[in-house]
Structures are given as C-alpha cells and as structure tokens.
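Asks: Numbers 142 to 268, taken from this note's numbering, label the letters of the sequence shown in order.
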Amino acid sequence: MSRSDRSPLLLAGLLAAAGTTHFTAPRRFDHIVPRSLPGSPRAWTYASGAAELALAAGVALPQTRRVAALATAAFFVGVFPANVKMAVDWRRRRPAPQQAAAWGRLPLQLPLVLWARGVAKSAERAA
C-alpha cells in the first residue's frame, strides 16, 4: 500500500480514536469546552466525539473522502479554541510534561489541517 493510500486511513484512524475517547473518557474533554458555548460541556464533548467518528467514516470511504477531509480540516480549525483554553488552564499544571503537552498541541493543529487538505486534494485527483 502506497503512502498516499495509507494517509487517509491513518487520518481516519486518528479521528476514530479521538472520537471514541470522547465517549470512553469524557471528563478529560469536558473541562476544555469554552464556557462561552451554550449548554453543558458534556453535550459538547459528545457532539465533538460524534463529529470525529462521522468524519473518520467519511475519510475512510473513497466515495466521501474529499468532502469529509475538507470538513475535517474545518473541524480542526473549529476545535482550536478548546486547545487554547486547555493550554491556558494548564499553564501551572504539574508535572511539567502535562503542561508541555497542552502547549504542544497548539502548533500541531496546523499540520493536522494541512494533512486533511492533502487527503482532500489526493481524493480529488483520484476521482
């Protein structure tokens, strides 16, 4: 299997793993939901987990890959405020590796967005 064939499946796997975690360990995500959002943090945790699972399925299927990959890029941009909130909230957290992980997530959003866009472009060329 070529790298271009594996890339969408790896992205789908990442989304599926993250989405599943929103349901198996929701408390980890509840506290990073921005307070400005209406409703309960748990509802947003479940909604974002369901979105990640739906995106995973869409990216995994060649018929829906392009649209789902573009939606994934938009999703990664959309959840960036939650990652910023987490980094700010964890700025004094100990042990230090947890603090570093929270801040380290921020610059990782850009490669994730670019990865999803690349999957979309590859799907468009393949169509």
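Beta carbons: idealized from backbone N, C-alpha and C, even for Gly. On a predicted model such as this, the values are computed, not experimentally measured, just so you know.
1. If you follow the alpha helix (DSSP H) that Leu255 is part of, which residue opens it and which one closes it?
2. Hey, could you find the ends of the alpha helix (DSSP H) Pro222 is sitting in?
3. Candidates Ala241, Lys226 and Ala257: which alpha carbon is nearest Pro213's?
4. Measuring CB atoms only, is the stretch 153 to 165 touching the stretch 188 to 204, in the sense that at least three cross pairs come out at less than 8 Å?
5. Between the stretch 243 to 259 and the stretch 217 to 232, do three or more beta carbon pairs fall short of 8 Å?
6. Grouping DSSP H, G and I as helix and E and B as strand, with all else coil, what is Arg234?
7. For Phe170, I'd like the list of residues in its chain whose CB is within less than 6 Å of its CB, leaving aside the five on either flank, ordered along the chain.
8. Can you name the start and end residues of the alpha helix (DSSP H) that Thr186 belongs to?
9. Please tell me whether Ala210 and Val260 are closer than 8 Å, where the distance is taken between their beta carbons.
10. Which residue from Ala188, Pro222 and Leu156 puts its Cα closest to that of Ser177?
11. From the DSSP output, in three-state form, read off His163 for me.
12. From which residue to which residue does the alpha helix (DSSP H) around Arg169 run?
Replies: This is what the structure gives:
1. As a working mapping, residue 255 is identified with position 114 in the sequence shown. From DSSP, the alpha helix (DSSP H) with Leu255 extends over Ala237 to Ala267.
2. As a working note, residue 222 is residue 81 in the sequence shown. Phe221 to Asp230 is the extent of the alpha helix (DSSP H) around Pro222.
3. For the purposes of this step, residue 213 is taken as the residue at position 72 of the sequence shown. The displayed chain sequence assigns Thr, not Pro, to residue 213. Closest by alpha carbon: Ala257.
4. Contact between the stretch 153 to 165 and the stretch 188 to 204 is present, because at least three Cβ pairs lie under 8 Å.
5. Touching, yes, given that three or more Cβ pairs across the two stretches are closer than 8 Å.
6. Reading the sequence shown from its first residue, position 93 is the one you call residue 234. DSSP, read as helix, strand or coil, puts Arg234 in coil.
7. On the sequence shown, residue 170 is found 29 positions in, with the first residue counted as 1. Excluding sequence neighbours, Phe170 sits near His163 and Thr186.
8. On the sequence shown, position 45 is the one that residue 186 refers to. Unbroken alpha helix (DSSP H) run through Thr186: Pro182 to Ala201.
9. Residue 210 sits at position 69 when you count from the first residue of the sequence shown. Residue 260 sits at position 119 when you count from the first residue of the sequence shown. In this structure, Val260 lies closer than 8 Å to Ala210 by Cβ.
10. Working through the sequence shown from its first residue, we reach residue 177 at position 36. Among Ala188, Pro222 and Leu156, the Cα nearest to that of Ser177 is on Pro222.
11. Counting from 1 along the sequence shown, the entry for residue 163 is found at position 22. Reduced to three states, the DSSP call for His163 is helix.
12. Position 28 of the sequence shown, counted from the first residue, corresponds to residue 169. Per DSSP, Arg169 belongs to the alpha helix (DSSP H) from Arg168 to Asp171.
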